[in-house]
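Undergrad: Before I ask anything, here is the structure I am working with.
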Amino acid sequence: MRMLMATSPLLLGGCSLWQGCNVCTSLLSPTPPSPDEGRDDLGETQSQVSHTQQELSDQLLKDDRARSDYFDHDFPEDIFYTGEKLEMLTRLTHKFRGAQKHVGFGNFNLLGMDEFFQIADRASNVGALTAQEKLFLEELFYFDAKKYGFNGNKIFPGFTDAVKKSEAQKIPASGHYLKKGESLDIYNRLRKDVGESLILTSGFRAVAKQFHLFLEKGLESNGNISKASRSLAPPGYSFHGRGDFDVGKVGYGLKNFTQDFALTDEYKRLLDLGYINIRYTQSNLLGVRFEPWHIKVEV
Ligand SMILES: [Zn+2]
Numbered sequence: 660m661r662m663l664m665a666t667s668p669l670l671l672g673g674c675s676l677w678q679g680c681n682v683c684t685s686l687l688s689p690t691p692p693s694p695d696e697g698r699d700d701l702g703e704t705q706s707q708v709s710h711t712q713q714e715l716s717d718q719l720l721k722d723d724r725a726r727s728d729y730f731d732h733d734f735p736e737d738i739f740y741t742g743e744k745l746e747m748l749t750r751l752t753h754k755f756r757g758a759q760k761h762v763g764f765g766n767f768n769l770l771g772m773d774e775f776f777q778i779a780d781r782a783s784n785v786g787a788l789t790a791q792e793k794l795f796l797e798e799l800f801y802f803d804a805k806k807y808g809f810n811g812n813k814i815f816p817g818f819t820d821a822v823k824k825s826e827a828q829k830i831p832a833s834g835h836y837l838k839k840g841e842s843l844d845i846y847n848r849l850r851k852d853v854g855e856s857l858i859l860t861s862g863f864r865a866v867a868k869q870f871h872l873f874l875e876k877g878l879e880s881n882g883n884i885s886k887a888s889r890s891l892a893p894p895g896y897s898f899h900g901r902g903d904f905d906v907g908k909v910g911y912g913l914k915n916f917t918q919d920f921a922l923t924d925e926y927k928r929l930l931d932l933g934y935i936n937i938r939y940t941q942s943n944l945l946g947v948r949f950e951p952w953h954i955k956v957e958v
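This is the structure:
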């Protein structure tokens, strides 16, 4: 079995969090890992972070608020994909990338899983998914995300649930769609009130897109899917499927998806104008990082 040791800031003493994290450098010293017991079977799961208690108590490490504030750390109870599961995760991530390339970035946002499978079948850069790969995705979809620390609600109950494309409006030059009605109205008002320096950075998303984002985040997290779920709702759980959307500042690039967005004039304008009704607030109890860029539409 291939083991990947987590490159945890907790263990290594570095911090990949946004500026302001002053806890991790002196936090914990490693002790031998202990098996992650009491979890439903997700395949090979193992907690790869061990700890001795110094500044943080066990209670704090288990606390949802701490998971939100230190979303980019590994926590002792995190669930990891390792071995074959990690290889599967990697292989599937590549297939999603291939399908996105095949249909185009914008169109990919609206694909249901059935369409994704059809595209994989016919796209030479993807290749049909095996029964085992489909089963893996289905199991991931139906696994109770609360077990790996994500406390949000499920938006799409079914694995093959699709969005109505007739409900989606393409937003020029963004590569994204918005759901017609309230989402689109709010976005248009935002642009009018804040100005054209405010852009749509992610809009209406169906299940395949959420799978892709989540798998990419899982891969980036060395198979730590608990950590992935602190930055990204697992497939089926994203409010982007109901109309929520993300905004950013022109030219701000990936910083639009960091706490730095909260320092921009655009964010301050949004706040002043009362548009900010944040889904994932600072130190929230959902086990998700603070997302100042995420506009909550659906209540
Ligand atoms: Zn969002």
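Residue numbers (this note's numbering): 660 to 958.
Glycine included, each C-beta is placed from N, C-alpha and C at the ideal position.
Since the model is a prediction, treat every value here as computed from it, not as a measurement.
What number of angstroms, rounded off, separates the C-alpha of F903 from the C-alpha of Y846?
TA: This sequence places Asp at residue 903; Phe is not what is there. Distance between the alpha carbons of D903 and Y846: 10 Å.
Undergrad: With DSSP as the reference, identify every bridge partner of A827, one or two as the case may be.
TA: K838
Undergrad: Whose C-alpha, out of R781, S897, L859, I884, is nearest the C-alpha of F916?
TA: Looking from the CA of F916, the closest CA among R781, S897, L859, I884 belongs to L859.
Undergrad: Can you look up D905 in the DSSP assignment and give me helix, strand or coil?
TA: strand
Undergrad: Given 8 Å as the limit, is there contact between the region 871-884 and the region 742-749, that is, 3 or more CB pairs closer than that?
TA: yes
Undergrad: H899 by DSSP, collapsed to three states: which one?
TA: helix
Undergrad: What is the chain-ordered set of residues for which the beta carbon lies under 5 Å from any non-hydrogen atom of ligand 1?
TA: D905, H953
Undergrad: For a quick check, are the C-beta atoms of H871 and G765 less than 8 Å apart?
TA: no
Undergrad: Less than 8 Å separating the beta-carbons of I604 and H761?
TA: The structure shown has nothing for residue 604, since the chain only spans 660 to 958.
Undergrad: Could you tell me the alpha carbon to alpha carbon distance between F906 and W952, rounded to whole angstroms?
TA: Looking at the sequence provided, one finds Val at residue 906 rather than Phe. Answer to the nearest angstrom: the Cα atoms are 5 Å apart.
Undergrad: Between K813, P894, L837, G854, which lies nearest to M772 when the distance is taken from Cα to Cα?
TA: P894
Undergrad: Rounding to the nearest angstrom, what Cα-Cα distance links A832 and P735 in this structure?
TA: Computed Cα separation, rounded: 43 Å.
Undergrad: So, is K886 buried or exposed, given that buried needs 16 or more other C-beta atoms within 10 angstroms?
TA: buried
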